[in-house]
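Asks: Mind looking over this structure? Questions follow.
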Amino acid sequence: THVLQPFLPSILEGLVQLAAQFSSETLCIVCTVDPAFTTSAENKICPLTIAIFLKYSNDPVVASLAQDIFKELAQIEACQGPMQMRLIPTLVSIMQAPPDKIPSGLCATSIDILTTVVRNTKPPLSDMLVCQAFPAVAQCTLRTDDNTTMQ
Numbered sequence: 024t025h026v027l028q029p030f031l032p033s034i035l036e037g038l039v040q041l042a043a044q045f046s047s048e049t050l051c052i053v054c055t056v057d058p059a060f061t062t063s064a065e066n067k068i069c070p071l072t073i074a075i076f077l078k079y080s081n082d083p084v085v086a087s088l089a090q091d092i093f094k095e096l097a098q099i100e101a102c103q104g105p106m107q108m109r110l111i112p113t114l115v116s117i118m119q120a121p122p123d124k125i126p127s128g129l130c131a132t133s134i135d136i137l138t139t140v141v142r143n144t145k146p147p148l149s150d151m152l153v154c155q156a157f158p159a160v161a162q163c164t165l166r167t168d169d170n171t172t173m174q
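To get this note's numbering, take the position in the sequence shown, counting from 1, and add 23.
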């Protein structure tokens, strides 16, 4: 990994351009190489991953790759706060949206991503997770007929 460190900024810039055409799997691999670099690039990685997730929300492969990236970010303590500030409002708005206004399965995928973030966040959980995300999950689960969401 030490050999790659000097090249990580260039790799990330290339991946940001490539991600517009699609390769989140490669971005996930880069996130695991150097936590300090990932922390410095979180402000690019997280918004890009959210945008790709929203654009291709009906693709289970993309959702899984986005979930993997959020997992990597959640495991880096310095990324947890900034990532949650960007991601949680997006997930909460999806979970609070009327079911007829969002694609089928998006709420369930949002809950899966939130679960991944919670499981990989060091305790104590942030106020944002406890006071905003948890009530949104409960509300979403109570008002849905979708079995995937209820599970």
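Beta carbons: idealized from backbone N, C-alpha and C, even for Gly.
In chain order, what residues of the same chain have a beta carbon less than 7 Å from the beta carbon of L114, not counting five sequence neighbours either side?
Replies: Excluding sequence neighbours, L114 sits near S133, I136, L137 and A156.
Asks: How many angstroms separate the CA atom of V160 from the CA atom of P146?
Replies: Roughly 19 Å between the two C-alpha positions.
Asks: Whole-angstrom Cβ separation of L35 and A59, contact assumed at under 8 Å?
Replies: Actually they are not in contact, since the Cβ atoms of L35 and A59 sit about 13 Å apart, beyond 8 Å.
Asks: With distances taken from CA atoms, which of L152, K78 and Q28 is nearest L175?
Replies: Examination of residue 175 is not possible in this model, given that the chain is present from 24 through 174 alone.
Asks: Kindly list the residues whose CB is nearer than 7 Å to the CB of T55, restricted to its own chain and excluding five residues on each side of it in sequence; keep chain order.
Replies: Here the set comprises E95.
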